[in-house]
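In the numbering used here, the protein residues as written are 6 to 343. Backbone N, C-alpha and C define an ideal beta-carbon position, used for all residues, glycine too. Since the structure is predicted, the reported quantities are computational estimates derived from the model, not experimental observations. For reference, the structure is listed below as structure tokens.
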């Protein structure tokens with residue numbers, strides 16, 4: 006008899022969590038159940054740099070691994086994990102998302118790559134603080150900007166900047182709990198300097214502010230090149246304050262199946278052209294697309310238009326229940342074919 010295909014679900018945890026390796030206590034309990042019901046043997050691969058070699062040995066025994074680990078997790082970076090994943094992929098284990106795919110899709114550089122595509126916007130790569138200081142004042146004459154570090158999550162390293170008189174800037178960090186400040190250009194430099202260090206990517210991306218951000222963000226969840234669900238949420242951490250008041254509260258993200266009528270135009274655009282335009286622009290074949298990823302879109306100023314805000318590939322969770330079936334089917338097909 007042929008053994009069932011095996012998949013590891015990798016996510017961060019401590020020694021105790023790895024020793025238990027209990028699918029029921031993870032955030033992926035429903036996904037573990039769905040894999041096992043579909044005839045795919047799924048196992049936890051709890052990861053920490055402290056026992057990376059142990060995880061590597063585990064991954065060499067499975068057919069594939071799905072990875073959930075943020076670029077910066079509890080002060081740690083993904084460097085050791087990415088090297089490990091490249092090694093096991095080279096040995097024949099299917100890895101999603103592969104670190105090389107993440108570098109093409111899951112950093113803010115993608116906003117510059119697609120700026121002339123239908124879902125793109127005015128976005129510029131800035132390779133030094135000196136260049137930013139020289140160019141930012143002129144760009145601010147056209148309106149506010151959003152400065153984004155090369156790689157991060159949860160609003161970390163994302164700053165809204167707006168001119169406020171001849172010498173001051175209104176600045177707000179998107180990280181939760183941040184307040185709007187008035188800073189000079191030199192004070193802004195002190196805040197942003199770490200993002201230009203080589204270990205942090207050595208550059209930032211400067212994107213034009215989208216006035217309709219207050220209307221919320223649409224997150225399209227994808228399995229390969231097909232939409233598997235949507236999320237809709239009011240993301241207002243960067244919305245300018247009024248008379249010293251805090252920004253509007255962020256609402257919970259509401260999850261919807263792929264056939265939600267409200268977003269069928271966006272779904273059709275993604276599946277009939279936008280995903281192909283994106284992967285061709287960044288240099289990915291269709292089979293290199295992640296098994297599970299998402300695109301965050303802001304509403305554009307023209308009716309019915311959408312503007313790409315970022316792409317999440319490193320750790321797409323939570324996700325709508327409607328994504329579980331397509332994800333399991335796609336993984337099963339990939340492993341069976343291999």
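For the candidate residues the options, whose alpha-carbon lies nearest to that of residue i?
i, options, result
"residue 333", "45, 9, 16", "45"
"residue 48", "169, 37, 120", "37"
"residue 327", "285, 231, 306", "231"
"residue 4", "301, 115, 178, 287", "Since the first and last residues shown for the chain are 6 and 343, residue 4 lies out of range."
"residue 205", "83, 57, 323, 102", "83"
"residue 19", "52, 27, 32", "52"
"residue 100", "70, 85, 110, 116", "70"
"residue 31", "343, 341, 339, 323", "323"
"residue 321", "8, 16, 176", "16"
"residue 91", "78, 81, 106", "106"
"residue 273", "309, 85, 65, 173", "309"
"residue 74", "217, 14, 8", "14"
"residue 23", "186, 55, 7", "55"
"residue 134", "12, 197, 180", "197"
"residue 143", "184, 259, 290, 190", "190"
"residue 109", "342, 288, 292", "288"
"residue 306", "343, 216, 177", "216"
"residue 160", "34, 145, 177", "177"
"residue 80", "111, 158, 219", "158"
"residue 257", "343, 268, 238", "238"
"residue 65", "130, 183, 33, 89", "89"
I think residue i touches residue j, with their Cβ atoms under 8 Å apart; what is that distance to the nearest whole Å?
i, j, result
"residue 102", "residue 266", "Incorrect: roughly 30 Å between the Cβ atoms, too far for contact."
"residue 27", "residue 286", "Rounded, the Cβ-Cβ distance is 42 Å, inconsistent with contact."
"residue 229", "residue 294", "5 Å"
"residue 104", "residue 87", "4 Å"
"residue 10", "residue 340", "4 Å"
"residue 76", "residue 156", "5 Å"
"residue 262", "residue 199", "Rounded, the Cβ-Cβ distance is 41 Å, inconsistent with contact."
"residue 12", "residue 72", "Not quite, the Cβ-Cβ distance comes to about 11 Å (not below 8 Å), so this is no contact."
"residue 138", "residue 163", "Contact flag wrong, Cβ pair sits at about 19 Å."
"residue 43", "residue 337", "6 Å"
Evaluate residue i with the Cβ neighbour count: other Cβ atoms within 10 Å of its Cβ, from every protein chain shown; 16 or more gives buried, anything less gives exposed.
i, result
"residue 126", "buried"
"residue 331", "buried"
"residue 193", "buried"
"residue 270", "exposed"
"residue 58", "exposed"
"residue 50", "buried"
"residue 63", "buried"
"residue 120", "buried"
"residue 290", "exposed"
"residue 7", "exposed"
"residue 283", "buried"
"residue 174", "buried"
"residue 114", "buried"
"residue 181", "exposed"
"residue 147", "exposed"
"residue 275", "buried"
"residue 21", "exposed"
"residue 29", "exposed"
"residue 61", "buried"
"residue 259", "exposed"
**Item:** Segments of 3+ residues assigned as beta strand (DSSP E) that fall wholly inside the stretch 165-239
**Value:** 173-178, 186-188, 209-213, 222-228, 231-238
**Message:** Measuring CB atoms only, is the stretch 89-98 touching the stretch 277-284, in the sense that at least three cross pairs come out at less than 8 Å?
**Reply:** no
**Message:** Does the contact criterion of 3 or more C-beta pairs under 8 Å hold for the stretch 310-318 versus the stretch 286-302?
**Reply:** yes
**Message:** Under 8 Å: do the stretch 220-230 and the stretch 163-171 share three or more Cβ pairs, one atom per stretch?
**Reply:** no
**Request:** Quick one: which unbroken alpha helix (DSSP H) runs of 4-plus residues sit fully inside the stretch 27-56? Chain order, please.
**Result:** 34-42
**Message:** Measuring CB atoms only, is the stretch 203-219 touching the stretch 143-152, in the sense that at least three cross pairs come out at less than 8 Å?
**Reply:** yes
**beta strand (DSSP E) runs contained entirely in the stretch 262-303, provided each spans 3 or more residues** = none
**3-residue-minimum beta strand (DSSP E) runs that sit fully inside the stretch 65-93, ordered along the chain** = 69-72
**Prompt:** What are the start and end residues of each continuous alpha helix (DSSP H) run of 4 or more residues lying completely inside the stretch 87-139, in chain order?
**Reply:** 104-110, 114-118
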